[in-house]
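Chains S and Z supply the protein sequences, listed in that same order.
What the first sequence shows, in the numbering used here, is residues 6 to 363, in sequence order.
What the second sequence shows, in the numbering used here, is residues 6 to 363, in sequence order.
2 protein chains.
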Amino acid sequence: MLNFSVGPVMMDSETKQLGAEEVPYFRTDDFSRIMLENETMVRSLALANDQVRLITLTGSGTLAMDATILNCFTKEDKLLIINGGSFGTRFCEIADCYGIPYEAINLQFGESVTLDHFENIDLATFTGLVVNADETSSGVLYDIEMLGNLCKKNNLFFVVDAISAFLADEIRFDEFNIDILITGSQKALALPPGLSLILCSEKAQERINHNESPTYYQNLKRALKDGERGQTPFTPAVGIILQLHDKLKRISKVGIEKQIQQSNDLAKYFRDRIAKYNFEFITDSKSNAVTALRVPVGVSARQIFKELESRFNIWVCPNGGALSDEVFRVGHIGHLTKGDYDTLFSALEQLQKEGIIK
Amino acid sequence: MLNFSVGPVMMDSETKQLGAEEVPYFRTDDFSRIMLENETMVRSLALANDQVRLITLTGSGTLAMDATILNCFTKEDKLLIINGGSFGTRFCEIADCYGIPYEAINLQFGESVTLDHFENIDLATFTGLVVNADETSSGVLYDIEMLGNLCKKNNLFFVVDAISAFLADEIRFDEFNIDILITGSQKALALPPGLSLILCSEKAQERINHNESPTYYQNLKRALKDGERGQTPFTPAVGIILQLHDKLKRISKVGIEKQIQQSNDLAKYFRDRIAKYNFEFITDSKSNAVTALRVPVGVSARQIFKELESRFNIWVCPNGGALSDEVFRVGHIGHLTKGDYDTLFSALEQLQKEGIIK
Numbered sequence: 006m007l008n009f010s011v012g013p014v015m016m017d018s019e020t021k022q023l024g025a026e027e028v029p030y031f032r033t034d035d036f037s038r039i040m041l042e043n044e045t046m047v048r049s050l051a052l053a054n055d056q057v058r059l060i061t062l063t064g065s066g067t068l069a070m071d072a073t074i075l076n077c078f079t080k081e082d083k084l085l086i087i088n089g090g091s092f093g094t095r096f097c098e099i100a101d102c103y104g105i106p107y108e109a110i111n112l113q114f115g116e117s118v119t120l121d122h123f124e125n126i127d128l129a130t131f132t133g134l135v136v137n138a139d140e141t142s143s144g145v146l147y148d149i150e151m152l153g154n155l156c157k158k159n160n161l162f163f164v165v166d167a168i169s170a171f172l173a174d175e176i177r178f179d180e181f182n183i184d185i186l187i188t189g190s191q192k193a194l195a196l197p198p199g200l201s202l203i204l205c206s207e208k209a210q211e212r213i214n215h216n217e218s219p220t221y222y223q224n225l226k227r228a229l230k231d232g233e234r235g236q237t238p239f240t241p242a243v244g245i246i247l248q249l250h251d252k253l254k255r256i257s258k259v260g261i262e263k264q265i266q267q268s269n270d271l272a273k274y275f276r277d278r279i280a281k282y283n284f285e286f287i288t289d290s291k292s293n294a295v296t297a298l299r300v301p302v303g304v305s306a307r308q309i310f311k312e313l314e315s316r317f318n319i320w321v322c323p324n325g326g327a328l329s330d331e332v333f334r335v336g337h338i339g340h341l342t343k344g345d346y347d348t349l350f351s352a353l354e355q356l357q358k359e360g361i362i363k
Numbered sequence: 006m007l008n009f010s011v012g013p014v015m016m017d018s019e020t021k022q023l024g025a026e027e028v029p030y031f032r033t034d035d036f037s038r039i040m041l042e043n044e045t046m047v048r049s050l051a052l053a054n055d056q057v058r059l060i061t062l063t064g065s066g067t068l069a070m071d072a073t074i075l076n077c078f079t080k081e082d083k084l085l086i087i088n089g090g091s092f093g094t095r096f097c098e099i100a101d102c103y104g105i106p107y108e109a110i111n112l113q114f115g116e117s118v119t120l121d122h123f124e125n126i127d128l129a130t131f132t133g134l135v136v137n138a139d140e141t142s143s144g145v146l147y148d149i150e151m152l153g154n155l156c157k158k159n160n161l162f163f164v165v166d167a168i169s170a171f172l173a174d175e176i177r178f179d180e181f182n183i184d185i186l187i188t189g190s191q192k193a194l195a196l197p198p199g200l201s202l203i204l205c206s207e208k209a210q211e212r213i214n215h216n217e218s219p220t221y222y223q224n225l226k227r228a229l230k231d232g233e234r235g236q237t238p239f240t241p242a243v244g245i246i247l248q249l250h251d252k253l254k255r256i257s258k259v260g261i262e263k264q265i266q267q268s269n270d271l272a273k274y275f276r277d278r279i280a281k282y283n284f285e286f287i288t289d290s291k292s293n294a295v296t297a298l299r300v301p302v303g304v305s306a307r308q309i310f311k312e313l314e315s316r317f318n319i320w321v322c323p324n325g326g327a328l329s330d331e332v333f334r335v336g337h338i339g340h341l342t343k344g345d346y347d348t349l350f351s352a353l354e355q356l357q358k359e360g361i362i363k
């Protein structure tokens, strides 16, 4: 199997090996120590100060998006949501679900957000800005630094879903004035899916601790409290947490810059070579995590996905809904090498010979 | 490591080996087929009819308890909750959290529920009965058949948290008139923690589909809908789901009766031998999943836990809170043999020699 989807991604042998270990009992000092070390390492990789806290949730990235909205905002707030695709829309759906007031900046698919988009918006009427650092459905990387500056100037609480951007694109928690940073285990961390992480600024901790949190499993106040001693309110995905600990230690040795450079290198290698095919890049503002491609008339993106999977055992990432025949994506996170892309290109070449790709 | 805790439990080599495999992309027909086969197998092991549906959630068992209360009940309902320990109390806390009216039958720690407890209760004023099939904190197994009959006679919606009872104690979904049955991956299924399962009767599906579900991640209506085609709304713990599929196939071959008998045999083996020690059984109505023991005056349950762990690499299960020094528990689920209990008894003998146990 060769997997270029955007999660679950290819895992390295160390992570896989740990998946074969017994999962220990976790209400122990040993496990608490591991959890606290994870907090320190994630903080450091996100370039966040020592007061920033990490919450580890057992569930998908959407659980963390959901829990963030539920715990940080109330009906008294008003959110500005950058909506450029499926995951921006997901934040709108979550706000709708709980009746939290919001306005969306609705972008074209593939469009990035610029200062122009804010021209007719009175930011003083909002309390929070919510964005997916990269919109995974289109591969657009937003300018988080620019948005963070806007938040600072206008005293907006800044929520950044970096589920697929963390460790792939540059995210500087403190410098970008981020209050909440979300990521998930099955993205650039290259672990099995099942774990999501929420990094909370002091302002975020304050909001969480002063909110009524009308939720039980997703109660972040309790998670922050239990997290002080390296524990979680409910049985966590202990196995994945141990894999996370190992992975964070290895990434910390390499350093965050080199880690991001790896995705950047793979993305560049792929994009240079795919340029000669008759596909269209969806965006100019590309995340390192993934490249989204529009197929020309007469070609089916879904068919490319299916042919690669059934004949070559290669997974790319199809888009859902209306775009499923028009767009497919190729990821640059996880345990991938340039040689893996060569394998993909050999397969694409074959599909081109057969007229499936033009 | 030898782990007698009640989750995560010891895994067998097949499950562990699968933990070392790549986690595949999951929006595929192959994965859908696996999910649908899981549904069929869980239904069959729970002795449930073909109309019963399985929801697979990524999260701990508490997520499933929480989602059940949120999706099946509203403020118009009134619940009767059997509260005999930490997990009964958890259901009360969840109902409190969402303002869902309830009354609790508060039992002594270790006490079972009998028809007498219902004598002064007007069941006609309730819409649902909620119980933990076995109260994992005390090891009490409740009479689910008796409770199910009460529910049938009084038209009560019957929620059974069988998180640690499923596959360890006898649960007959249809015969016991169960509407919701909950379990978790890290109990008798002996998988890593991270997955919880909710089995829904037709009546449950109706309640879920007619409820407004004021929740996003925990929206069971959407889970039922996507589950029709073997998919989940959000990225599930794919790795654990594949381990679940393998495990269910193997348990299905053995058969549910033999599977339950295994826990029963281990429990009996342990209880016969522990009887000669100066511990007190917490309950007469014992679950096959776990034995809870009260230590005599002058002995510390917490110390037993710590000595076993640090010197013998053996984990038993401490109780939390006020009982942490008085009660410890020994589980009978997971990949355990009689020989493993012999190892435990050797260690206990040593602790007795040293006067740590009397």
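Just so you know, even glycine gets a beta-carbon here, dropped at the ideal spot from N, CA and C.
As the structure is a computational prediction, the values presented were derived from the model and not from experiment.
Query raised in the report: Going by Cα to Cα distance, which pick from L75/S, D101/S, T79/S and E108/S is closest to N88/S?
Result: E108/S
Query raised in the report: Do you know how far the Cα of I309/S is from the Cα of A69/Z?
Result: 38 Å
Query - Cutoff 8 Å; reference E150/Z; Cβ partners in own chain excluding five residues on either side - result: R177, E180 and F181
Report task. Assign E19/S to one of two classes, buried (16 or more other C-beta atoms within 10 Å of its C-beta) or exposed (fewer than that). Result -> exposed
Query raised in the report: Do V335/Z and F92/Z have their C-beta atoms within less than 8 Å of each other?
Result: no
Query raised in the report: In three-state terms, what does DSSP make of L120/Z?
Result: helix
**Report entry** S329/Z beta carbon less than 8 Å from that of R299/Z
**Finding:** no
Query raised in the report: Residue ranges of each beta strand (DSSP E) run of no fewer than 3 residues wholly in the segment 83-166 of chain S, ordered along the chain?
Result: 84-88, 107-111, 133-137 and 162-166
Requested in this report: Provide the residue(s) that pair with S201/Z in DSSP beta bridges, ordered along the chain.
Outcome: L62/Z and G189/Z
Query - Where D174/S sits in the DSSP three-state scheme - result: strand
**Report entry** Beta-carbon contacts of N76/Z that lie in its chain and below 8 Å, excluding the five residues immediately before and after
**Finding:** R212, I213, N216, S218, T220, Q223, N224, L225 and K226
Query raised in the report: First and last residue of the alpha helix (DSSP H) that includes L249/S?
Result: V243 to V259
Requested in this report: Flag this pair as yes or no: are the beta carbons of G244/S and G24/S separated by less than 8 Å?
Outcome: yes
Query raised in the report: Any Cβ of chain S within less than 8 Å of the Cβ of I86/Z?
Result: no
Report task. With a 10 Å radius around its C-beta and 16 neighbouring C-beta atoms as the bar for buried, classify N5/Z as buried or exposed. Result -> Only positions 6 to 363 of chain Z appear in this structure, which leaves residue 5/Z out of reach.
Report task. Starting from the N-terminal side, write out each stretch of the alpha helix (DSSP H) that is 4 residues or longer and does not extend beyond the segment 256-297 of chain Z. Result -> 261-279
Query raised in the report: For the candidate residues S351/S, I110/S and I287/S, whose alpha-carbon lies nearest to that of E331/S?
Result: I287/S
Requested in this report: Name, going along the chain, the residues of the segment 232-266 of chain Z whose beta-carbon falls closer than 8 Å to a beta-carbon of chain S.
Outcome: P238, F239, T240, P241, A242, V243, G244 and I245
**Report entry** Bridge-paired residues (DSSP) for C322/Z
**Finding:** R334/Z
Query raised in the report: Between the beta-carbon of Q365/S and the beta-carbon of L229/S, is there less than 8 Å?
Result: The question about residue 365/S has no answer here: the residues shown for chain S are numbered 6 through 363.
Requested in this report: Just tell me which of L161/Z, L194/Z, F162/Z and N159/Z has its CA closest to the CA of A170/Z.
Outcome: L194/Z
Requested in this report: Answer yes or no: do K291/Z and G144/Z have a C-beta to C-beta separation smaller than 8 Å?
Outcome: yes
Query raised in the report: Under a three-way DSSP split, which group does N214/S fall into?
Result: helix
Query raised in the report: Cα separation between N160/S and L59/S?
Result: 23 Å
Requested in this report: Count the other C-beta atoms from every protein chain shown that fall within 10 angstroms of the C-beta of E312/Z, then say buried if there are 16 or more, exposed otherwise.
Outcome: buried
Query raised in the report: So, is R255/S buried or exposed, given that buried needs 16 or more other C-beta atoms within 10 angstroms?
Result: exposed
Requested in this report: Specify the secondary structure class of N76/Z as computed by DSSP and reduced to three states.
Outcome: helix
Query raised in the report: Taking the continuous alpha helix (DSSP H) assigned at N43/Z, which residues delimit it?
Result: D34 to L50
Query raised in the report: Would the segment 334-351 of chain Z and the segment 267-284 of chain Z be scored as touching if the rule is three or more Cβ pairs under 8 Å?
Result: yes
Requested in this report: Could you pull out every residue in the same chain whose Cβ sits closer than 7 Å to the Cβ of H250/Z, ignoring the five residues on either side in sequence?
Outcome: I39, E42 and N43
Report task. Use the C-beta contact count for L62/Z: other C-beta atoms within 10 angstroms, 16 or more gives buried, fewer gives exposed. Result -> buried
Report task. Kindly indicate if chain Z contains any beta-carbon less than 8 Å away from that of D139/S. Result -> no
**Report entry** DSSP beta-bridge partners of N8/Z
**Finding:** W320/Z
Query raised in the report: Rounded to whole angstroms, how far is the Cβ of G133/S from the Cβ of D82/S, which I believe are closer than 8 Å?
Result: 6 Å
Requested in this report: Name the two residues that bound the continuous alpha helix (DSSP H) containing M179/Z.
Outcome: At residue 179/Z the sequence reads Asp, which differs from the Met that was named. Careful: D179/Z lies outside any alpha helix (DSSP H) and carries neither H nor E.
**Report entry** Cα-Cα separation, I265/Z to A173/Z
**Finding:** 5 Å
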